[in-house]
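Presented below is the structure to which this report refers.
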Amino acid sequence: MAEVIQPVRGMNDVLPDKAPLWDRVEATAANLFAGYGYQRVRLPVLERTELFSRSIGELTDIVEKEMYTFDDRNGESVTLRPEATAGVVRAGLSNGLLHNQQQKLWCSGPMFRREKPQKGRYRQFHQLSVEALGFAEPEIDAELIALSARLWRELKLTSAKLQLNSIGTLESRQGYKQKLVEYFSAHRELLDEDSLRRLDRNPLRILDSKNPALQQLIADAPLLSGYLDDESRAHFDRVQQLLTDVGVEFTLNPRLVRGLDYYSRTVFEWLTDRLGSQSAICSGGRYDGLVAQLGGRDTPAVGWALGIERIVEVLEVEGRAGSALEADAHLVVAGEAERRYGFKLAEQLRDRVPGLKLWIGGPAGGFKAQLRRADRSGARFALIVGESELSAGKVSVKPLREDKPQQLLSVEECAALLAERRSA
Ligand code: ATP
Ligand code: MG
């Protein structure tokens, strides 16, 4: 036999046992996004490499080590997108959606980062993300965060805790940067290779290091909060006020800087204690400078992204996964003529009961085997078609989850019963 081809490391299949939960997460989010006025866009997975090096930042882990970058056949360097925001801004600019306009957009799809695969960390993973472009007011930061809090409530995800910070504007960070360079330079011997490289040009990145050996040094570093400009301070106060007004709890984390260079002012992360060290399930912030950095006019913007794999894993750990897809009813037929009648019956019931989950099963098999299959499907009812049902043009409805007698019903009666029990 030929050897089976294995998937690429860190790239997973989502199989039927998990797919329904993925669908639920995506559908719940899609409904909320629409409810807050966000419109969906679908963007390419492949972009010019420069898009990411210019936006995410040359000295970030993503751009330095994690991107899937290769030359296209014409020699142009292209990259599998490691995140969504740069692509959304690029699409906004290349399609003229950002000039004197506001846009609320969302998208979903695979992202690619060549990280060390482990639980909650993969090389292909999936994000749902929202971006509000052209909005400067703190209301929109708060609204986006409130939207994420509502999503956890609707998904019944209870372990998410919000951390919040403001990193001010690019200008206001200059003084702080200097202070950081001084501090880290004084402890040069403790820095790792990455940090030494970043020390002069981008010392803020060191604060985002995941190297355990650096954590104490980082914890003792001077804080950015002392350097916030007045406007950023007022903006941040207002975001906190609005969140408090609507009951979204948060803790301030003055060390939170986020791993991408384009952020300004509000940054936040939703963390869980259920996934070991992969604790961030959703993160984002304001990125007022990015549109200009990518060639547009100054355009304030804010957004976030969540990792679907991590959300699904948390829901499973919290016991919120629910059961896989279950049928409302399962057909059971006695023979060939009954099978044909049953096929038509199933279509008639689907016409009459929108959203009905009616499974007709595979090859008929024996009567007993079909009933067992009906039971395993989780269905409330077996719809039985034997000789007598066929000749009467009816169907026997057998409750599978309660001790009640089987009933002989017409198509209309059966449809009415199924419709009623579905909404029950
Ligand atoms: P982390 O600190 O865990 O590396 P991050 O700050 O790099 O996360 P973002 O770039 O903000 O993450 O991406 C947004 C979300 O995407 C994260 O909160 C997380 O849920 C998810 N995510 C990021 N990287 C991965 C990955 N390699 N595998 C699975 N999910 C991921
Ligand atoms: Mg990361």
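Residue numbers (my numbering): -15 to 408. C-beta atoms are modelled at their ideal positions from N, C-alpha and C, and glycine is treated no differently.
Inset, instruction - Would you identify the three-state DSSP class for Tyr271, choosing helix, strand or coil? - result: Position 287 of the sequence shown holds residue 271. Tyr271 falls in the coil class under three-state DSSP.
Inset, instruction - Determine the contact status of Asp56 and Val47, defining contact as a CB-CB distance below 7 angstroms. - result: For this step, residue 56 is matched to residue 72 along the sequence shown. For this step, residue 47 is matched to residue 63 along the sequence shown. Taking 7 angstroms as the Cβ cut-off, Asp56 and Val47 do not qualify as a contacting pair.
Inset, instruction - Pick out whichever of Phe365, Ala399, Leu374 and Ser372 has its Cα sitting closest to the Cα of Pro383. - result: Residue 383 sits at position 399 when you count from the first residue of the sequence shown. Taking each of Phe365, Ala399, Leu374 and Ser372 in turn and checking the Cα distance to Pro383, the smallest one comes out for Phe365.
Inset, instruction - Please report the residue range of the beta strand (DSSP E) in which Lys431 lies. - result: Because the chain in this structure spans residues -15 to 408, residue 431 falls outside the shown range and cannot be described.
Inset, instruction - Can you give me the start and stop residues for the alpha helix (DSSP H) that Ala366 sits inside? - result: Translated into positions along the sequence shown, residue 366 becomes position 382. For Ala366, no alpha helix (DSSP H) segment is defined; the enclosing uninterrupted segment is the beta strand (DSSP E) at Phe365 to Val369.
Legend entry - Where the beta strand (DSSP E) through Asn15 begins and ends: The count along the sequence shown starts at 1 and reaches residue 15 at position 31. From DSSP, Asn15 is part of no beta strand (DSSP E) but of the alpha helix (DSSP H) over Ala3 to Gly19.
Inset, instruction - Using the Cα positions of Leu201 and Ala170, report the straight-line distance between them to the nearest angstrom. - result: Position 217 of the sequence shown, counted from the first residue, corresponds to residue 201. Position 186 of the sequence shown, counted from the first residue, corresponds to residue 170. Straight-line spacing of the CA atoms in Leu201 and Ala170 works out to 11 angstroms.
Legend entry - Burial state of Arg185 (16 or more Cβ within 10 Å): Position 201 of the sequence shown, counting from 1, holds the residue named residue 185. Exposed, by the Cβ-count rule.
Legend entry - Opening and closing residue of the beta strand (DSSP E) in which Gln102 lies: Taking the sequence shown and counting its residues from 1, the one referred to as residue 102 is at position 118. It is not in any beta strand (DSSP E) - Gln102 carries neither H nor E in the DSSP assignment.
Inset, instruction - Closer than 6 angstroms by C-beta to Ala205: which residues in its own chain qualify, once you throw out the five before and the five after it? Chain order, please. - result: The residue given as residue 205 occupies position 221 in the sequence shown. Excluding residues within five positions, the ones whose Cβ falls inside 6 angstroms are Tyr167.
Inset, instruction - For Ser37, verify whether its CB is less than 6 angstroms away from any heavy atom of the ligand ATP. - result: On the sequence shown, position 53 is the one that residue 37 refers to. Distances taken from the Cβ of Ser37 to the heavy atoms of the ligand ATP include none shorter than 6 angstroms.
Legend entry - In chain order, each alpha helix (DSSP H) run of at least 4 residues that lies wholly inside the segment 212 to 238: Within the segment 212 to 238, the complete alpha helix (DSSP H) runs of at least 4 residues are 214 to 229.
Inset, instruction - With hydrogens ignored, establish whether the beta-carbon of Tyr106 is closer than 6 angstroms to any heavy atom of the ligand ATP. - result: Residue numbering aside, residue 106 sits at position 122 when the sequence shown is read from its first letter. Proximity of the beta carbon of Tyr106 to the ligand ATP is indicated: a heavy atom of the ligand is located closer than 6 angstroms.
Inset, instruction - Return yes when at least one heavy atom of the ligand ATP lies under 6 angstroms from the C-beta of Ala410, else no. - result: Absent from the structure is residue 410, since the part of the chain shown begins at -15 and ends at 408.
Inset, instruction - Measure from the alpha carbon of His314 to the alpha carbon of each residue in Glu10, Val381 and Arg65, then state which is nearest. - result: Translated into the one-based positions of the sequence shown, residue 314 becomes position 330. Nearest option by C-alpha distance: Val381.
Inset, instruction - Check Leu(-1) in the structure and name its three-state DSSP category. - result: Here the question's residue -1 lines up with position 15 in the sequence shown. Assigned with DSSP and collapsed to three states, Leu(-1) falls in coil, not helix or strand.
Legend entry - Assigned secondary structure, Tyr325 (DSSP; H/G/I helix, E/B strand, else coil): Here residue 325 refers to the residue found at position 341 of the sequence shown. It is helical.
Inset, instruction - Could you have a look at Ala191 and say whether DSSP puts it in helix, strand or coil? - result: Position 207 of the sequence shown holds residue 191. The sequence shown places Leu at residue 191, not Ala. Helix at Leu191.
Inset, instruction - Compute the distance between the beta-carbons of Val298 and Leu141, then report whether it is under 7 angstroms. - result: Taking the sequence shown and counting its residues from 1, one reaches residue 298 at position 314. Taking the sequence shown and counting its residues from 1, one reaches residue 141 at position 157. A contact, by the Cβ cut-off of 7 angstroms.
Legend entry - Straight-line gap, Phe429 to Ser113 (C-alpha atoms, nearest Å): The structure shown does not extend to residue 429, since the chain is modelled only from -15 to 408, so the question has no answer here.
Inset, instruction - My understanding is that Glu138 touches Thr235, with C-beta atoms under 8 angstroms, so please give their C-beta distance in whole angstroms. - result: Locating residue 138 in the sequence shown gives position 154, counting from the first residue. Locating residue 235 in the sequence shown gives position 251, counting from the first residue. About 23 angstroms; that fails the 8 angstroms criterion.
Inset, instruction - Within 10 angstroms of the Cβ of Gln224, are there 16 or more other Cβ atoms? Answer buried if so, exposed if not. - result: Indexing the sequence shown from 1 puts residue 224 at position 240. By the C-beta density criterion, Gln224 is buried, having at least 16 other C-beta atoms within 10 angstroms.
Inset, instruction - Tell me whether Gly104 is buried or exposed, calling it buried when 16 or more other Cβ atoms sit within 10 Å of its Cβ. - result: By 1-based counting over the sequence shown, the position of residue 104 is 120. Flag for Gly104 reads buried.
Legend entry - Assigned exposure category for Arg126 - 16 Cβ within 10 Å defines buried: Here residue 126 refers to the residue found at position 142 of the sequence shown. Note on residue identity: the sequence assigns Ala, not Arg, to residue 126. By the Cβ neighbour-count rule, Ala126 is buried, with 16 or more other Cβ atoms within 10 Å of its own.
Inset, instruction - Identify the continuous beta strand (DSSP E) that holds Leu278 and give its terminal residues. - result: Taking the sequence shown and counting its residues from 1, one reaches residue 278 at position 294. Neither: Leu278 is in no beta strand (DSSP E) and is coded neither H nor E.
Legend entry - Segments of 3+ residues assigned as beta strand (DSSP E) that fall wholly inside the segment 30 to 81: Whole beta strand (DSSP E) segments, 3+ residues: 30 to 32, 52 to 55 and 61 to 64.
Legend entry - Own chain residues within Cβ distance below 6 angstroms of Val337, not counting five before or after: Residue mapping note: residue 337 aligns to position 353 of the sequence shown, counting from 1. Counting only Cβ-Cβ distances below 6 angstroms, and skipping sequence neighbours, we find Ala399, Leu402 and Ala403.
Inset, instruction - Would you tell me roughly how many angstroms separate the C-alpha atoms of Leu174 and Val165, rounded to the nearest one? - result: As a first step, residue 174 is located in the sequence shown; it is residue number 190 there, counting from the start. As a first step, residue 165 is located in the sequence shown; it is residue number 181 there, counting from the start. Straight-line Cα distance between these residues: approximately 14 angstroms.
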